[in-house]
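To start, the structure under review is shown below, and the notes come after it.
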Amino acid sequence: MKEGRTDGSLFRKLLDAAPDATVIVDQDATIVMSNKQMENVFGWTSEDLVGQPVEVLVPGRFRGNHDAYRNGFMSTPASRPINGVALHALRRDGQEVPVEISLSPLETDEGLLVSAAVRDITERLRMEEASVRMRDELIATVSHELRTPLTSIIGYTELLADLDDSQVGPVARSLVAVIERNAAREMRLVDDLLTMAFLDGDRLRIVREPMDLAEVARRVVTDHRSAAPEGSLRLVLEADEPAPVSGDFYRLVQVVENLVTNALKFSAAGDEVTVRVTATPDAAVLEVADTGVGLHPHEQALVFDRLYRTPGAVAAHTQGAGLGLSIVRKIIEAHGGQVTVDSAPGVGTTFRVALPYDAPDPA
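Each residue of the sequence shown is one higher than the last, beginning at 2 in this note's numbering.
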């Protein structure tokens, strides 16, 4: 198809007046027209482009995967324009730029045409990165400022708790216990916020060392048993054999801690939480199973999303900000492992973590 076969000068003027760089291609994905913005933004004149395959605008390293995009939008019905496809484009001078492409198919007497508006999003991405960086710096600063007084509060409550009965009466001791418990909860929230700031920016640093996943679980379970009220929940550990992994000890403690805390939160007095560690032929497996309220199928699909809280948790005013399970997934994926959930309402929930024995190659 030649440029002269389009519908006259009025269409040409409308195309040149479009705010975005735009090309029009035929059903063979050959460029039949381009506007002035394509030259102003990307340096390609109409003479450069008309008659060329649309891949001339695609950087060479992406052309191998471009057929799927081309076939997809060329077969799209005219009534279903595709907007906001994130790709890369090639400037006339050879520079690659990130772009967003909006495609509008149009059936004509001469066959299918597709208008492709190409928008350079380099500045938008720069601003988004700056915004994320500022957010992370703010979270880190606020978290640090919150940790300092919380550390002091927790330290002094521990000192008060260690005083004998002649110095601290029973009423005061119970009040100190409430302060200590709530300060510890706030400290965990601050730690989660700080962790999420690094996870979102893909800046989580995993320091690997050989360790026994069973011993990690044993430590967390022991800590929770010592803090649990007498005769409330049964916390059971099943870890008879070592399960060696290469991982970050602090981060894996964080994973087990979050899973156990989550299980205890959604269990009632008399329920049982079981922490099980096994060594399978392919991976070290950690399971945290409870006999609590359970999850509906649609909740299982969302439970690892950041800030997601189930309707039941919201209605019951269950403590938590919806960060713990998201952190678990990020840490496990950073170790090259997987975390899954199996649950049924009224039956209970089991979270299963599988960690490879060997550390994955760095990305």
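All C-beta atoms in this analysis are idealised placements derived from N, C-alpha and C, irrespective of residue type, glycine included. Since we're looking at a predicted model, the values are computed, not measured.
> Apart from the five residues on each side of it in sequence, which residues of its chain come closer than 6 Å, Cβ to Cβ, to F432?
Replying inline: Here the chain comprises residues numbered 2 to 364, so residue 432 is not present and cannot be evaluated.
> Is it the case that the Cβ atoms of P211 and A284 are separated by a distance below 8 Å?
Replying inline: no
> What number of angstroms, rounded off, separates the C-alpha of P99 from the C-alpha of G337?
Replying inline: 29 Å
> Thinking C-alpha only, which one of S268, R125 and E242 is nearest L236?
Replying inline: S268
> D241 lies in the alpha helix (DSSP H); which residues open and close that run?
Replying inline: Careful: D241 lies outside any alpha helix (DSSP H) and carries neither H nor E.
> Along the chain, where does the alpha helix (DSSP H) that runs through R136 open and close?
Replying inline: T123 to D163
> Can you pull the DSSP bridge partners for A270?
Replying inline: Partner(s): none; A270 has no beta bridge.
> Under three-state DSSP, which class holds H89?
Replying inline: strand
> Ordered along the chain, which non-local residues of its own chain (more than five positions away) have a Cβ less than 8 Å from that of V221?
Replying inline: V254, V257, E258, V261 and V276
>> Could you tell me the alpha carbon to alpha carbon distance between A22 and E111, rounded to whole angstroms?
In response: 24 Å
> Among D192, A240 and A244, which one has its Cα closest to the Cα of I140?
Replying inline: D192
> Which residues in the same chain have their Cβ closer than 8 Å to the Cβ of R120, if we skip the five residues on either side of it in sequence?
Replying inline: D21, A22, V100, E101, I102 and S103
>> My output table needs one value for T281: the three-state DSSP class, helix, strand or coil.
In response: coil
>> Let me confirm a value: F12 is counted as buried when at least 16 other C-beta atoms fall within 10 Å, else exposed. Which label applies?
In response: exposed
> Secondary structure at P298, three-state DSSP: helix, strand or coil?
Replying inline: helix
> Excluding five sequence neighbours on each side, which residues of the same chain lie with their C-beta closer than 8 Å to the C-beta of I333?
Replying inline: V256, Q339, V340, V354 and L356
>> Let me make sure I understand the geometry here. Which of S105, R189 and D17 has the alpha-carbon closest to that of D27?
In response: S105
> Just how far apart, CA to CA, sit I122 and V329?
Replying inline: 33 Å
>> Please report the straight-line C-alpha distance between A131 and D272, rounded to a whole angstrom.
In response: 47 Å
> Since S327 is in the alpha helix (DSSP H), which residue starts that stretch and which ends it?
Replying inline: G325 to A335
> Which residues share a DSSP beta bridge with E108?
Replying inline: L113
>> Does T149 pass the burial test, meaning 16 or more other C-beta atoms within 10 Å, or should it be called exposed?
In response: exposed
> What residue range is occupied by the uninterrupted alpha helix (DSSP H) comprising D49?
Replying inline: S47 to L50
>> Does K14 pass the burial test, meaning 16 or more other C-beta atoms within 10 Å, or should it be called exposed?
In response: exposed
> To the nearest angstrom, how far is it from the Cα of M128 to the Cα of E97?
Replying inline: 18 Å
>> Along the chain, where does the beta strand (DSSP E) containing V55 start, and where does it finish?
In response: Run containing V55: none; DSSP gives neither H nor E here.
> From R174 to S247, what distance separates their C-alpha atoms?
Replying inline: 43 Å
> To which residues does DSSP link S167 through a beta bridge?
Replying inline: Paired residues: none, contrary to the question.
>> Check for me: the beta strand (DSSP E) holding V348 runs from which residue to which?
In response: No beta strand (DSSP E) contains V348, which DSSP labels as neither H nor E.
> Secondary structure at A18, three-state DSSP: helix, strand or coil?
Replying inline: helix
>> Considering only the alpha carbon of each residue, which of T292, E239, V59 and T109 lies closest to L265?
In response: T292
> Which residues share a DSSP beta bridge with Q339?
Replying inline: A355
> Can you give the beta carbon distance from V57 to A117, rounded, assuming they're within the 8 Å contact cut?
Replying inline: Actually they are not in contact, since the Cβ atoms of V57 and A117 sit about 12 Å apart, beyond 8 Å.
>> How far does the alpha helix (DSSP H) with V42 in it extend, from its first residue to its last?
In response: K37 to F43
> Among residues of its own chain, excluding the 5 on either side of L107, which ones have a beta-carbon nearer than 8 Å to its beta-carbon?
Replying inline: A79, L113, L114, V115 and S116
>> Restricting to Cα atoms, I'd like to know which of D163, R252, V348 and D213 is closest to A240.
In response: D213
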